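The next block holds one structure in the form of structure tokens; read it before the comments.
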Amino acid sequence: MDQENIVDDVHDIENEGLLDRKGIDRYWSEVSDKNMTYTEPLLVKRTNTTSQIAIVGANVCPIESLDYEIIENELFKQDWRSRKKVQIFQYVLLKWAFALLIGLGTGLVGFFNNIAVENISGFKLLLTSDLMSKHKYFKAFAAYAGCNVVLAVAAAALCAFIAPAAAGSGIPEIFGSILGVSAGFVVGKEGPMVHTGACIANLLGQGGSRKYHLTWTWLRYFKNDRDRRDMITCGAAAGVAAAFRAPVGGVLFALEEAASWWRSALLWRTFFTTAVVAIVLRAFIQYCNTGKCGLFGEGGLIMYDVSSAKTTYSGSDILAVIFLGTIGGILGSIYNYFVDKVLRTYSIINERGAAFKILLVIIISCLTSCCSFGLPWFAKCIACPTDLTVSCPTVGESGNYKSFQCSSGYYNDLASLFLNTNDDAIRNLFSTSTTKEFHISSLFIFFGAVYCLGIITYGIAIPSGLFIPVILAGACYGRLVGRLFESMSTLDTGLFALLGAASFLGGTMRMTVSLCIILLELTNDLQLLPLVMLVLLISKTVADNFNKGVYDQILKIKGLPYMEAHAEPYMRHLVARDVITGPLVTFSGIEKVGNILHALKTTGHNGFPVIDEPPLSGPPELCGIVLRSHLLVLLKRKNFSRDRVVTGDDILQRFAAFDFAKAGSGKGIKLEDLDIEEEEMEMYVDLHPITNSSPYTVVETMSLAKAAILFRQLGLRHMCVVPKSQGRPPIVGILTRHDFMPEHILGLNPHVMPDK
1 MDQENIVDDV
11 HDIENEGLLD
21 RKGIDRYWSE
31 VSDKNMTYTE
41 PLLVKRTNTT
51 SQIAIVGANV
61 CPIESLDYEI
71 IENELFKQDW
81 RSRKKVQIFQ
91 YVLLKWAFAL
101 LIGLGTGLVG
111 FFNNIAVENI
121 SGFKLLLTSD
131 LMSKHKYFKA
141 FAAYAGCNVV
151 LAVAAAALCA
161 FIAPAAAGSG
171 IPEIFGSILG
181 VSAGFVVGKE
191 GPMVHTGACI
201 ANLLGQGGSR
211 KYHLTWTWLR
221 YFKNDRDRRD
231 MITCGAAAGV
241 AAAFRAPVGG
251 VLFALEEAAS
261 WWRSALLWRT
271 FFTTAVVAIV
281 LRAFIQYCNT
291 GKCGLFGEGG
301 LIMYDVSSAK
311 TTYSGSDILA
321 VIFLGTIGGI
331 LGSIYNYFVD
341 KVLRTYSIIN
351 ERGAAFKILL
361 VIIISCLTSC
371 CSFGLPWFAK
381 CIACPTDLTV
391 SCPTVGESGN
401 YKSFQCSSGY
411 YNDLASLFLN
421 TNDDAIRNLF
431 STSTTKEFHI
441 SSLFIFFGAV
451 YCLGIITYGI
461 AIPSGLFIPV
471 ILAGACYGRL
481 VGRLFESMST
491 LDTGLFALLG
501 AASFLGGTMR
511 MTVSLCIILL
521 ELTNDLQLLP
531 LVMLVLLISK
541 TVADNFNKGV
551 YDQILKIKGL
561 PYMEAHAEPY
571 MRHLVARDVI
581 TGPLVTFSGI
591 EKVGNILHAL
601 KTTGHNGFPV
611 IDEPPLSGPP
621 ELCGIVLRSH
631 LLVLLKRKNF
641 SRDRVVTGDD
651 ILQRFAAFDF
661 AKAGSGKGIK
671 LEDLDIEEEE
681 MEMYVDLHPI
691 TNSSPYTVVE
701 TMSLAKAAIL
711 FRQLGLRHMC
721 VVPKSQGRPP
731 IVGILTRHDF
741 MPEHILGLNP
751 HVMPDK
């Protein structure tokens, strides 16, 4: 049985020195144009025998599952019985305290991120505008492109040299995101913000550190994957709340997209965390409204208020919205298709080293600068409206009316979109009561440029998010449709832009509830809720007929074995024993040290079944599962006996549950740390006190579909398969996440039709 575990949780793996990258052969996967079904994984395992290989950030490294299940062994039960009420109160109080700290930290990072982007981008754009006003066009382009390249190289250097996997503390992620967004790329900062929030939560969730003498007794309860997962979920939700100022949307995003396991207690803590983020951001925005934050003011955070528009719609408007959602779903699926192709191409380029990564970033930066500065020259100058409450053309600040090369009293509508931050460009497209502000030809040009730039920019060596590029392209598409339907629709073109953004998000992300709430919190227009819901449902339904969501595709490309919430149809034709492979490595309840050490050296399995045999029991019976990490601790302490006798009471006295707690990232005991003498190899060790005596089991004839649903909903790492009849060994095999992957199932059962 192949017991190795492969999971999308990768933050607890030490990557250094585990893998020879030259031993990895990467090849193109065969892709079905209709459903993007991958017949072979992108990554092939060659040298590594301990876990699945996948791409984490920019690195190829082994990944393993995490132990979310409570290990109910004798040590755990003894520790639970010994807990006092004050310790339980401390544990609950600390969970809420950590949620508060995650919210405060993520909120501060979100504010710092926005204020830095606004001021850096503002300086660059003001310098360009000043040179343009003096008719120094070549100098203006040189200054604009030069600033973009410098910022882009700095962001790429952070990713290429300091944090290739955008992992660790999250500090390189923050600065890389600031520099990348400020460099004018068609990227967003919500993706890096989600990652940063998760990094903050991960640091707080380490549960203390012996290395830094942070081992207070009341912190030991957090040294497990279950609590760390909950904190990281709070951090991811806080990141969305900080990026969009959408606390409820952040909670729903974590529920719908980020977390594969949920419970009511986690819902409350996540909601509390995002509420703290919203309060922190609101407090700093109030402070910045006084003008003490440089160029950062009311428009710094993503907040597009369209509530002033009149929201009334009729049957013709519904038809326009249906058309909007249908085409948006098609365009979103095409967007995902090309993002997939581009990511596969970039993975080959990025493999060649840091120099190639930075060179690719420079090329994309120059291309983006040429488009942003060159395309506005094709737009005609438009006379400023006479009934404006703002200045036209806009000078010295962000706004809808950039003069560019136009004379006084005129503005360039394309420059108003290109020579702005992405946030301000979206705000311009969402602006209401400005139907004729952007010419139809300008909207066509901007949509084509942003659509293509968004595709080729994602995947280069800078921290980047997909939300903002998709919203930007979708808003332009929606405003364009609004202009085309203005003769038969009463909806404002700004509202059409919002609905276009929703259709694009539904067509690419394939989320519904969280996107709907995020858009409502962004735009402050509850009256548009029915149309937003309708367009999201239509675009998602249409796009699902062509391929999967962009996040699902990226998970597949990286080799991360993500399990869907539903079982594939072909799994109903198989049973649990059909995907079990051997041989199965088991231990006796009292096992010889040499046998344990040999199994640890020759396999990469994380869990081993423990079987009691005579004289410890009558017929052989399954005692439970023992974890690899627990065996290493037991062998390290050398609690051996020369005779094959039960020594569980001695182990319970010498060990505490805290000794077997999950170590921080890369700090656990490794096989190389053991120093076992030759004579000790023939001694015995009692495994009963550290064996999980209540593992989840299924009978071998259970439908594989039902087993997969149980596995995912319970958040398991191991699922024991037991025989249906008597007189056989007490365990048939162990199912892990790897065994539910389509590549593994279809490889063992080639007669099964994947589509049935």
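As numbered in UniProt numbering, the sequence shown has no gaps in its residue numbers, which increase by one up to the final residue, 756. Where a beta carbon is used, it is the ideal one built from N, C-alpha and C, also for glycine. Only a predicted model underlies this, so the values are computations on that prediction, with no experimental measurement involved.
By how many angstroms is the C-alpha of F485 removed from the C-alpha of P41?
Low per-residue confidence applies at P41: pLDDT is 36, beneath 50, and the placement is therefore not dependable, though the value from the model is reported in the following sentence. In a straight line, the C-alpha of P41 is about 45 Å away from that of F485.
Report yes if the CB atom of L127 is closer than 8 Å to the CB atom of A155, and no otherwise.
no
Inter-residue Cα distance where the pair is Q713 and A501:
33 Å
Is the beta carbon of L104 closer than 8 Å to that of L652?
no
Is D492 near K310, with beta carbons less than 8 Å apart?
yes
Look at the alpha carbon of S133 and the alpha carbon of W377, and state the distance between them as a whole number of angstroms.
15 Å
Under the three-state reduction of DSSP, which class applies to V685: helix, strand or coil?
strand
Taking buried to mean at least 16 other C-beta atoms within 10 Å of its own C-beta, is Y287 buried or exposed?
exposed
May I have the straight-line CA-CA distance separating E591 from V645, to the nearest angstrom?
10 Å
What first and last residue would you give for the alpha helix (DSSP H) that runs through P192?
190-204
Taking the Cβ atom as the reference point for each residue, do V361 and I460 lie within a distance shorter than 8 Å?
yes
Mark A157 as exposed unless 16 or more other C-beta atoms lie within 10 angstroms of its C-beta, in which case mark it buried.
buried
Pairwise C-alpha distance: H688 and L671:
21 Å
Within its chain, find whatever has a CB closer than 7 Å to the CB of L281; leave out the 5 residues flanking it on each side and keep chain order.
G107, G110, F111, A242, R245, L301
So, for E613: in the same chain, excluding its five sequence neighbours on each side, which residues have a beta-carbon less than 7 Å away from its beta-carbon?
S588, P620
Identify whether Y224 lies in helix, strand or coil by the three-state DSSP scheme.
The sequence given here places Asn at residue 224; Tyr does not occur at that position. It is coil, neither helix nor strand.
Near M753, which residues of its chain fall below 7 Å by C-beta distance, leaving aside the five closest residues on each side in sequence?
Y570
Within this structure, are the beta carbons of G607 and I734 separated by less than 8 Å?
yes
Output needed for I468: all residues of its chain with C-beta closer than 6 Å, excluding positions within five of it in sequence on either side, in chain order.
G188, N422
Distance check for V92 and T270, CA to CA, integer angstroms please.
14 Å
Where do the ends of the beta strand (DSSP E) carrying K592 lie?
590-592
If Y684 sits next to V593, beta carbons under 8 Å apart, how far is it from one beta carbon to the other, in whole angstroms?
7 Å
By a C-beta neighbour count over all protein chains shown, 10 Å radius and 16 as the cutoff for buried, is F404 buried or exposed?
buried
Between V186 and V117, how many whole angstroms is the CB-CB distance? I'm expecting something under 8 Å.
V186 to V117, Cβ: 14 Å. No contact.
Reduced DSSP category for K402 - H, G, I as helix; E, B as strand; rest coil:
strand
If distances are taken between C-alpha atoms only, which option among G294, A473, L101, Y144 comes closest to L204?
L101
For the beta strand (DSSP E) that L526 lies in, which residues bound it at each end?
Taken as a continuous stretch (DSSP letters only), L526 belongs to no beta strand (DSSP E), as it is neither H nor E.
Where D675 falls, given that 16 or more other Cβ within 10 Å makes a residue buried
exposed
C-alpha distance - R81 paired with K662, whole-angstrom precision:
20 Å
Mark M488 as exposed unless 16 or more other C-beta atoms lie within 10 angstroms of its C-beta, in which case mark it buried.
exposed
At the level of alpha carbons, what is the spacing between R479 and S416?
15 Å
Taking all protein chains shown into account, do 16 or more other C-beta atoms lie within 10 angstroms of the C-beta of Q87, making it buried, or fewer, making it exposed?
exposed
Under a Cβ-count criterion, where at least 16 other Cβ atoms within 10 Å of its own Cβ denotes burial, should I162 be classed as buried or exposed?
exposed
Quick one: complete alpha helix (DSSP H) runs, 4+ long, within the region 440-467?
440-457
Along the chain, where does the beta strand (DSSP E) that runs through T697 open and close?
697-699
Are the beta-carbon atoms belonging to V194 and A160 less than 8 Å from one another?
no
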